[in-house]
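Q: Counted the way the working numbering counts, the sequence shown spans residues 332 to 604.
Think of the CB as a built atom: it goes at the ideal place given N, C-alpha and C, for glycine as much as any other residue.
Just so you know, these numbers come straight off a predicted model, no measurement behind them.
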Amino acid sequence: KAKAVVLACNGVGTARLLLNSTSALFPHGLANGSGLVGKCLMHHPVGSVLGIFDEWLGMDDDGPRGSAMLSQEFYETNPAHDFIRGYDLQVLSYGNAPLPAALGGLMGQRIAWGESHHDEFKERFGHTVGIAIMSEDLPEEHNMVTLDPELTDSNGIPAPKINYTVSENTAKMLEHGVARATEIMEAAGAKKVFSSNLRRNAGWHLLGTARMGENPETSVVDRWGRTHDVSNLFIIDGSIFTTGACVNPTSTIQALALRTADYLKGEGGQVIK
């Protein structure tokens, strides 16, 4: 038998495994005494604005691609806004490579085939800048991972069922962010500006379904990622986030994993002895 078990299956897979692991001791799922396993699912809903410029904006050699600039001016709650928490603005150079330019970059609006194809490609390639608006989703219990009553995997184990709705708060946040990003593009001199308040192909990080906390009644794991109900079961993926912020979660997940590993080697070493 394992002395300690570390679970790292992301915000959907971890919840699914725990909810499927029922027994007489855990009738509602393993480590689910709080009833919160699978609840408070959070993503990072993303809006986008794309600007096309007359100036050449491409790079003459193969350089870095990620975010060229990042603004957190609207990161915190502002009483003047009609939403709480905030978002960041990420300036992205999606139009500086041939394939992303042809596929529409941040907007996903492909260049149509036909007589105008080459002209439109020339207009976009090396002349396009995108701004992504990454929002902070709120932990709401109605957004959740449950078990599908009918669908199973090849082993007959119930598949996850995701119930998620972009909240009114997030929708207002994205609307505000798209308006600000549009102002930036227009002020910078873009000759064409395209926008979308919600991208379908970006921002769906899987967070919050086994939240961290000191109180076993309101959380699933403690500060070390150890489940309150099972002393030798640890979770170290995005499911233990209590809030999502409005930045990519990978570095934080890595930090939490290293922190729990150090705990198991040191202070919590009695668990694996």
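#1: Go through its chain and collect everything with a Cβ distance to residue 405's Cβ below 6 angstroms, but skip five positions before and after it.
#2: I'd like the list of long-range same chain contacts for residue 553, defined as Cβ closer than 8 angstroms, with 5 residues on each side in sequence excluded.
#3: Residue 570 and residue 549 - do their beta-carbons sit closer together than 8 angstroms?
#4: In angstroms with no decimal places, state the Cα-to-Cα distance between residue 415 and residue 601.
#5: Return the Cβ separation of residue 574 and residue 470 in integer angstroms, given the expectation that the two are a contact with Cβ distance under 8 angstroms.
#6: Is it buried or exposed for residue 572, if we count other Cβ within 10 angstroms and need 16 for buried?
#7: Between residue 597 and residue 568, what straight-line distance do the alpha-carbon atoms span, to the nearest angstrom?
#8: Measure the Cβ-Cβ separation of residue 463 and residue 578 and say whether it is below 8 angstroms.
#9: Near residue 528, which residues of its chain fall below 7 angstroms by C-beta distance, leaving aside the five closest residues on each side in sequence?
#10: May I have a chain-ordered list of the beta strand (DSSP E) segments no shorter than 3 residues that lie completely inside the segment 364-413?
#11: Which word fits residue 466, buried or exposed, when buried means at least 16 other C-beta atoms lie within 10 angstroms of its C-beta?
#12: Have a look at 342, 524, 348 and flag the residue whose alpha-carbon is nearest the alpha-carbon of residue 336.
#13: Who are the near neighbours of residue 429 in its chain, counting only those whose CB is closer than 7 angstroms to its CB and skipping five residues on each side?
#14: Considering only their Cβ atoms, is the gap separating residue 423 from residue 461 smaller than 8 angstroms?
#15: The beta strand (DSSP E) spanning residue 490 covers which residue range?
#16: Give me the Cα-Cα distance between residue 368 and residue 535, rounded to the nearest whole angstrom.
#17: Which residue wins for smallest C-alpha separation from residue 525, given the options 451, 401, 380?
#18: Take residue 453 as the anchor and find which of 501, 357, 389, 533 has the nearest alpha-carbon.
#19: Ignore the nearest five residues each way along the sequence and tell me which others in residue 333's own chain have a CB closer than 8 angstroms to its CB.
#20: DSSP three-state label for residue 440, please.
#21: Counting only runs that start and end within the segment 560-591, where is the beta strand (DSSP E) found for 3 or more residues in a row?
#22: Quick check on this structure: which residue in 351, 360, 372 has the alpha carbon closest to the alpha carbon of residue 537?
#23: Express the C-alpha separation of residue 399 and residue 431 in angstroms, rounding to a whole number.
#24: Looking at residue 491 and residue 346, is the spacing between their C-beta atoms short of 8 angstroms?
#25: Cα separation between residue 360 and residue 485?
#26: Mind pulling the alpha helix (DSSP H) runs of 4 or more residues that sit fully within the segment 522-567?
#27: May I have the straight-line CA-CA distance separating residue 581 from residue 383, to the nearest angstrom?
#28: By how many angstroms is the C-alpha of residue 401 removed from the C-alpha of residue 530?
#29: Name the residue from 561, 482, 474, 511 whose alpha carbon lies nearest to the alpha carbon of residue 370.
A: In terms of the structure at hand:
#1: 417, 418
#2: 543, 544, 545, 559
#3: no
#4: 42 angstroms
#5: 6 angstroms
#6: buried
#7: 21 angstroms
#8: no
#9: 378, 505, 506, 509
#10: 377-383, 398-402
#11: buried
#12: 348
#13: 456
#14: yes
#15: 489-494
#16: 19 angstroms
#17: 380
#18: 389
#19: 563
#20: coil
#21: 564-566
#22: 372
#23: 16 angstroms
#24: yes
#25: 21 angstroms
#26: none
#27: 31 angstroms
#28: 19 angstroms
#29: 474
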